[in-house]
Amino acid sequence: MMLAIGERAETPADSFQDLQRVSLCEALDRILNKGAVVSGELTIAVANVDLLYLSLQLVLTSVATARREFAHG
88 MMLAIGERAE TPADSFQDLQ RVSLCEALDR ILNKGAVVSG ELTIAVANVD
138 LLYLSLQLVL TSVATARREF AHG
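Take the working numbering: the final residue in the sequence shown is number 160, and no numbers are missing along the way.
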């Protein structure tokens with residue numbers, strides 16, 4: 088991509104500012120239509136001994152999107 092003299096390239100911060108203008112309803116609609124996966128891990132340890140380990144995975148999507156995406160299996 089070539090920029091004209093004095094033109095500034097778009098940065099990730101510029102994209103983030105555009106996202107801030109989206110209402111909560113619009114954001115939820117996008118997530119449900121496209122789907123999102125949230126995953127994380129939590130380990131609780133004392134004296135370098137693991138006492139508890141949690142692995143979490145959350146899928147956010149609408150039923151229609153899930154049926155469309157996973158229709159074959």
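Beta carbons are placed, not taken as given, at the ideal position from N, Cα and C, and that holds for glycine.
- Nearest to V146 by C-alpha distance, out of E113, I118, S110 and L111, is I118.
- L138 is positioned such that its CB atom lies no closer than 9 Å to that of E128.
- Counting only runs that start and end inside the region 101 to 156, the alpha helix (DSSP H) elements of at least 4 residues fall at 111 to 121 and 150 to 156.
- Apart from the 5 residues on each side of it in sequence, T152 sits with its Cβ closer than 8 Å to the Cβ of L119, N120, K121 and G122 in its chain, given in chain order.
- Note on geometry: alpha-carbon atoms of A134 and Y140 lie some 15 Å from one another.
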